[in-house]
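What follows is one structure encoded as structure tokens, with my remarks underneath.
Protein chains: 2
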Amino acid sequence: MTRLYDDPAAFTEDMVTGFVAAHPEHVRRVPGGVVRAKRARKGKVAVVTGGGSGHYPAFCGVVGPGFADGAVIGNIFTSPSAEDAYSVARAADRGAGVVFSFGNYAGDNMNFGLAVERLQREGIRAHNAVVTDDVASAPSEEAGRRRGVVGDFPVFKVASAAAEEGYDFDGVVRVAERTNERTRSLGVAFDGCTLPGQDHPLFEVPEGRMGLGLGIHGEPGVSEREMPSASELAKILVDGLLAEAPADGGRRVTAILNGLGATKYEELFVVWGTVSRLLAEAGLEVVAPEVGELVTSLDMAGCSLTLTWLDDELERLWQAPADTPAYRKGDAPSSGTAEDDDELPEIEREPVVIAPAEGQRTAAEVVRALDAMAELMREQEDELGRMDSVAGDGDHGRGMTRGSGAAAEAARDIAAQGVGPAAVLVAAGDAWAAKAGGTSGVLWGAALRSFGDLLPDDRPAVGADLVAGAEAALAAVRRLGRAEPGDKTLVDALQPFTAELRAAVGDGGAEAWRRAAQVATKAAADTADLRPRTGRARPLAERSVGTPDPGATSLALALTRIGELLGEREEAA
Amino acid sequence: MTRLYDDPAAFTEDMVTGFVAAHPEHVRRVPGGVVRAKRARKGKVAVVTGGGSGHYPAFCGVVGPGFADGAVIGNIFTSPSAEDAYSVARAADRGAGVVFSFGNYAGDNMNFGLAVERLQREGIRAHNAVVTDDVASAPSEEAGRRRGVVGDFPVFKVASAAAEEGYDFDGVVRVAERTNERTRSLGVAFDGCTLPGQDHPLFEVPEGRMGLGLGIHGEPGVSEREMPSASELAKILVDGLLAEAPADGGRRVTAILNGLGATKYEELFVVWGTVSRLLAEAGLEVVAPEVGELVTSLDMAGCSLTLTWLDDELERLWQAPADTPAYRKGDAPSSGTAEDDDELPEIEREPVVIAPAEGQRTAAEVVRALDAMAELMREQEDELGRMDSVAGDGDHGRGMTRGSGAAAEAARDIAAQGVGPAAVLVAAGDAWAAKAGGTSGVLWGAALRSFGDLLPDDRPAVGADLVAGAEAALAAVRRLGRAEPGDKTLVDALQPFTAELRAAVGDGGAEAWRRAAQVATKAAADTADLRPRTGRARPLAERSVGTPDPGATSLALALTRIGELLGEREEAA
Numbered sequence: 001m002t003r004l005y006d007d008p009a010a011f012t013e014d015m016v017t018g019f020v021a022a023h024p025e026h027v028r029r030v031p032g033g034v035v036r037a038k039r040a041r042k043g044k045v046a047v048v049t050g051g052g053s054g055h056y057p058a059f060c061g062v063v064g065p066g067f068a069d070g071a072v073i074g075n076i077f078t079s080p081s082a083e084d085a086y087s088v089a090r091a092a093d094r095g096a097g098v099v100f101s102f103g104n105y106a107g108d109n110m111n112f113g114l115a116v117e118r119l120q121r122e123g124i125r126a127h128n129a130v131v132t133d134d135v136a137s138a139p140s141e142e143a144g145r146r147r148g149v150v151g152d153f154p155v156f157k158v159a160s161a162a163a164e165e166g167y168d169f170d171g172v173v174r175v176a177e178r179t180n181e182r183t184r185s186l187g188v189a190f191d192g193c194t195l196p197g198q199d200h201p202l203f204e205v206p207e208g209r210m211g212l213g214l215g216i217h218g219e220p221g222v223s224e225r226e227m228p229s230a231s232e233l234a235k236i237l238v239d240g241l242l243a244e245a246p247a248d249g250g251r252r253v254t255a256i257l258n259g260l261g262a263t264k265y266e267e268l269f270v271v272w273g274t275v276s277r278l279l280a281e282a283g284l285e286v287v288a289p290e291v292g293e294l295v296t297s298l299d300m301a302g303c304s305l306t307l308t309w310l311d312d313e314l315e316r317l318w319q320a321p322a323d324t325p326a327y328r329k330g331d332a333p334s335s336g337t338a339e340d341d342d343e344l345p346e347i348e349r350e351p352v353v354i355a356p357a358e359g360q361r362t363a364a365e366v367v368r369a370l371d372a373m374a375e376l377m378r379e380q381e382d383e384l385g386r387m388d389s390v391a392g393d394g395d396h397g398r399g400m401t402r403g404s405g406a407a408a409e410a411a412r413d414i415a416a417q418g419v420g421p422a423a424v425l426v427a428a429g430d431a432w433a434a435k436a437g438g439t440s441g442v443l444w445g446a447a448l449r450s451f452g453d454l455l456p457d458d459r460p461a462v463g464a465d466l467v468a469g470a471e472a473a474l475a476a477v478r479r480l481g482r483a484e485p486g487d488k489t490l491v492d493a494l495q496p497f498t499a500e501l502r503a504a505v506g507d508g509g510a511e512a513w514r515r516a517a518q519v520a521t522k523a524a525a526d527t528a529d530l531r532p533r534t535g536r537a538r539p540l541a542e543r544s545v546g547t548p549d550p551g552a553t554s555l556a557l558a559l560t561r562i563g564e565l566l567g568e569r570e571e572a573a
Numbered sequence: 001m002t003r004l005y006d007d008p009a010a011f012t013e014d015m016v017t018g019f020v021a022a023h024p025e026h027v028r029r030v031p032g033g034v035v036r037a038k039r040a041r042k043g044k045v046a047v048v049t050g051g052g053s054g055h056y057p058a059f060c061g062v063v064g065p066g067f068a069d070g071a072v073i074g075n076i077f078t079s080p081s082a083e084d085a086y087s088v089a090r091a092a093d094r095g096a097g098v099v100f101s102f103g104n105y106a107g108d109n110m111n112f113g114l115a116v117e118r119l120q121r122e123g124i125r126a127h128n129a130v131v132t133d134d135v136a137s138a139p140s141e142e143a144g145r146r147r148g149v150v151g152d153f154p155v156f157k158v159a160s161a162a163a164e165e166g167y168d169f170d171g172v173v174r175v176a177e178r179t180n181e182r183t184r185s186l187g188v189a190f191d192g193c194t195l196p197g198q199d200h201p202l203f204e205v206p207e208g209r210m211g212l213g214l215g216i217h218g219e220p221g222v223s224e225r226e227m228p229s230a231s232e233l234a235k236i237l238v239d240g241l242l243a244e245a246p247a248d249g250g251r252r253v254t255a256i257l258n259g260l261g262a263t264k265y266e267e268l269f270v271v272w273g274t275v276s277r278l279l280a281e282a283g284l285e286v287v288a289p290e291v292g293e294l295v296t297s298l299d300m301a302g303c304s305l306t307l308t309w310l311d312d313e314l315e316r317l318w319q320a321p322a323d324t325p326a327y328r329k330g331d332a333p334s335s336g337t338a339e340d341d342d343e344l345p346e347i348e349r350e351p352v353v354i355a356p357a358e359g360q361r362t363a364a365e366v367v368r369a370l371d372a373m374a375e376l377m378r379e380q381e382d383e384l385g386r387m388d389s390v391a392g393d394g395d396h397g398r399g400m401t402r403g404s405g406a407a408a409e410a411a412r413d414i415a416a417q418g419v420g421p422a423a424v425l426v427a428a429g430d431a432w433a434a435k436a437g438g439t440s441g442v443l444w445g446a447a448l449r450s451f452g453d454l455l456p457d458d459r460p461a462v463g464a465d466l467v468a469g470a471e472a473a474l475a476a477v478r479r480l481g482r483a484e485p486g487d488k489t490l491v492d493a494l495q496p497f498t499a500e501l502r503a504a505v506g507d508g509g510a511e512a513w514r515r516a517a518q519v520a521t522k523a524a525a526d527t528a529d530l531r532p533r534t535g536r537a538r539p540l541a542e543r544s545v546g547t548p549d550p551g552a553t554s555l556a557l558a559l560t561r562i563g564e565l566l567g568e569r570e571e572a573a
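Protein chains in written order, with UniProt numbering: chain A, 1 to 573; chain B, 1 to 573.
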């Protein structure tokens, strides 16, 4: 379990502080993560890795010459915000664009996706090279849906070496994607890990048993079986990967036998003895393997095997030198050394546009609504947390409280400068996503931004504006979250709400909203009958049938409260 | 716990196989451990580290240019044998002598001590640089009695860098000893670890508690207390070490915040944030610190802080480049590159000297006695193991079975070549020490060698020979084991046995031996009343009062059996 911390809520912040203090020669801190201590030469494509923390040395441990230009650091096992990713990318960019590379998880896809859009809007080339190596997480026909696990490491490494060598943007993207296409991982877990400040592990594997294909955050695997011997395990891992070998793989591979934290080097070497023999017997030649802890999950017990089928180009890039806090190879690459312009760029804030009086009045109402939501979430935090702990990690209540509180504060601040409702909701959405992190943070952030974009600055908002805003929010949430109705997510409440709002809007905005909120409340309760189809379901997920989805529930609560406010406004008018 | 293994008895062997397979560019295997894949230049002083395994990257993980020339690899938490240490040293030696460096434990002192004596007899300069950094293990007035823990790392590193730079033998010894004098460590443990194949942890720390100063194998510490926060722990560690600062320490230190296995990098960085601040506030400047897993104890939970007060020379050597499997710094040092004579030396066996017929007859009796002992130990293995598990790690039965079996086999082999009793007992003692490992292995090995040295080749052995042999064995055991009567070790049986044998020898050898064996049996039983005064007592040691010492018991059993054989011989004559 994770025993050493001060304030559990500040664990990641404190971790980054200590990490930077221990490695000042390699990294420096920027908002949202770290970048190299010495900037790369101008014109070099930047490779930025990232994701939730708790996986050291992934991801901040591999920032330095020959490897990543920066790492975006989320909370433990939680996607960093789009703002974080944007901030690190801006600090890492040397004028040739930014390639993000990270494992395929919903929250990361959304947040890095939003960061790419923002960078592109500002004229910076940006691309997400998403890693999908975990063969246990989806069948090969749906390889694009697979999770990213230790395959992150060879993909980051090869893409980074290409950038260091001077590849252009398209070249870096090409080798990153080629490496991902030729990389397969299969992992096992023997025991879970406990987040800082929590009493219970994130998941459990029964004593003497092994979860085959269990994800590094406890996501469901292929099967559970009796604990094997070291050589039996080696055979399971090698057979599992060779069955998935790429058609044009060839005979040369590199391999990573990775420990998750509590499975130590001595044990990994015992397993490696058999793995290396089996790979040789299968006719494969192993080039520069790694045996050790490269992508951990706190002190989880377990390990995984990763194979990357090499070609000459990938082999050269895999073997290229690197010099980072946690991973060094060969002599430090000279191409990454400092230049004089070692000052990081200032990130400009979007300019404030003063709105007409009508817009400012609407903005004030939006602030009131956000204040009311923040108060409501504080009241409901424990209950939402309890609901989430059935099938999730129990942090939904805390995430909603942090997000709505940050949104209300940001909204108040910018409204005081005289802006209209759109600017207020953009600021609120950004703050929510940045402070709450994770999947619900980015969804709420995007929903607020999209809703706000359709509110007018120069006249009072009417029912049709509310319908258009709600539909834009639903579209943004569905695009980012890739959730369908029935997946047991907040879409299950937002979609019927939007439909009812449109149907009832002829009766007046406030009345339509109240009725739509009632429909959303019922729909949220109905999610208790659904079996979750997507998302980060855990081995315990079966138990969540009978419990309403916390995301749909918190949305319905918020919509109801806003309906009450709209009614009060009408009465006052 | 340690879950991945095939045959627990072959765990270390399998681990080394996998380790060498993973790192062929850095290491190659030799009997007893590993040496660099490419030998250092001729005339370079060799630095050889070692000790029990289970501490990766200590010790085999730091073999390579700029760091160690070789590592002697014992079983998990068990000293390697003198033969192992000798073998690795011979392979590492480049004509300028060998400096062994290891932590201060009884078994390691004995085995490396015997290896030094053997190397010196062969004209190779050799020295033991013993590390004594653990301030919790003895008061500062008895600093030489302190255990070696993570201080091994800076001492090995500095000594190795000096050798790489071209220091002569005395120079390497000098900086090793100076580094040790200026190094202090203090550790804490939160939870134990489980050896491969065992069901129960080696020791336990109650949930929510912390053992302050607890050793890396569960040796007793200073106190047990409530689990602190990360910053409280940082303060405990910093205050504990600064109170022990060397008088002429100066202001520059290097620091290692070391994780024991299950306490992960994220937690260590959180602690390091406060440690680095407190050190700065104390006016110390920290040079090139290390935060991570350098000396582990399988998956034990806990960490330690090590400080080495630097001077200009130590700082330069600490910062020097190194290139090893687990630790790399700067560019790979060029001074360690290969030469053409990359063949390792053949180690010559001691020549076989044919004995007269009388000597061969005595040798045959010795073989019979060793066979009988091996059979006895097989019968008693479980009982001795149970006895040992009260205060020890329960491996005494297995160690005695392996040692006596190997001794009997080696004795038979060499006796068949026509040697006398001394040569038989030398071979038997060496085999025992090599196969059993640990403390009892080296003591039995030395006892057999010393006893054998006093048996005549050219006439039958008489009572006086037995007395002289027993006294020589006692002297060897006391010299090596540094145990006093009453310390609850095999000395408690061997000492009264020897005294009674001398007193009763006038009555004939066999009768005197039988009576002395009876005295030894009673003395072994009496150890049940003693509280252990020395040795690797565990937190559970109090419970061992009431249980006889297993080492004294197995010795008394063996002496009794030999007495029976001597009686049978007399009757047959």
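Positions of the beta carbon are idealized from the N, C-alpha and C atoms, including for glycine.
Euclidean distance between Cα positions of residue i and residue j
i: B/Pro139; j: B/Glu244; result: 10 Å
i: A/Arg39; j: A/Val62; result: 15 Å
i: B/Gly144; j: B/Thr401; result: 34 Å
i: B/Ser554; j: B/Glu285; result: 54 Å
i: A/Ala525; j: A/Val545; result: 12 Å
Short Cβ contact (8 Å threshold) for residue i with residue j
i: A/Leu317; j: A/Ala472; result: no
i: B/Phe190; j: B/Val295; result: no
i: A/Gly197; j: A/Pro8; result: yes
i: B/Lys488; j: B/Thr527; result: yes
i: A/Ala406; j: A/Trp444; result: no
i: B/Pro57; j: B/Tyr327; result: yes
i: A/Ala301; j: A/Ala364; result: no
i: residue 574 of chain B; j: B/Ile73; result: The shown model of chain B, from 1 to 573, leaves out residue 574 of chain B, and the question about it has no answer.
i: B/Leu305; j: B/Ala255; result: yes
Residue i - partner residues in DSSP beta bridges
i: A/His127; result: A/Val99
i: A/Trp309; result: A/Val253
i: A/Val35; result: A/Arg28 and A/Gly70
i: B/Ala46; result: B/Val98
Chain A residues whose Cβ lies nearer than 7 Å to that of residue i
i: B/Gly54; result: Glu266
Listed by chain order, chain B residues near residue i by CB distance under 8 Å
i: A/Leu565; result: Those do not exist, as A/Leu565 stays about 42 Å from chain B at its closest Cβ, beyond 8 Å.
i: A/Val545; result: Near A/Val545 there are no residues of chain B at all, since even the closest Cβ is about 33 Å away, more than 8 Å.
Could you please tell me which residues of the stretch 245 to 268 of chain A, in chain order, have their CB closer than 9 Å to any CB of chain B?
-> When CB distances to chain B are screened at a threshold of 9 Å, the residues of the stretch 245 to 268 of chain A falling below it are Leu257, Gly261, Ala262, Thr263, Lys264, Tyr265, Glu266, Glu267 and Leu268, in chain order.
Item checked: Residues of the stretch 201 to 230 of chain A with Cβ closer than 8 Å to any Cβ of chain B, in chain order -> Of all residues in the stretch 201 to 230 of chain A, Met227, Ser229 and Ala230 have a Cβ within less than 8 Å of some Cβ in chain B.
(message) Please identify, using Cβ separations under 7 Å, the residues of the stretch 12 to 26 of chain A that lie next to chain B, in order along the chain.
(response) So the close ones are Asp14, Met15, Thr17, Gly18, Phe19, Ala21 and Ala22.
Chain-ordered residues of the stretch 272 to 294 of chain A with a beta carbon less than 7 Å from chain B: Of all residues in the stretch 272 to 294 of chain A, the ones placed with a Cβ closer than 7 Å to any Cβ belonging to chain B are Trp272, Gly273, Ser276, Pro289 and Val291, in chain order.
Quick one: which residues of the stretch 389 to 411 of chain A get their C-beta closer than 8 Å to a C-beta of chain B? List them in chain order. Cβ contacts with chain B: none found.
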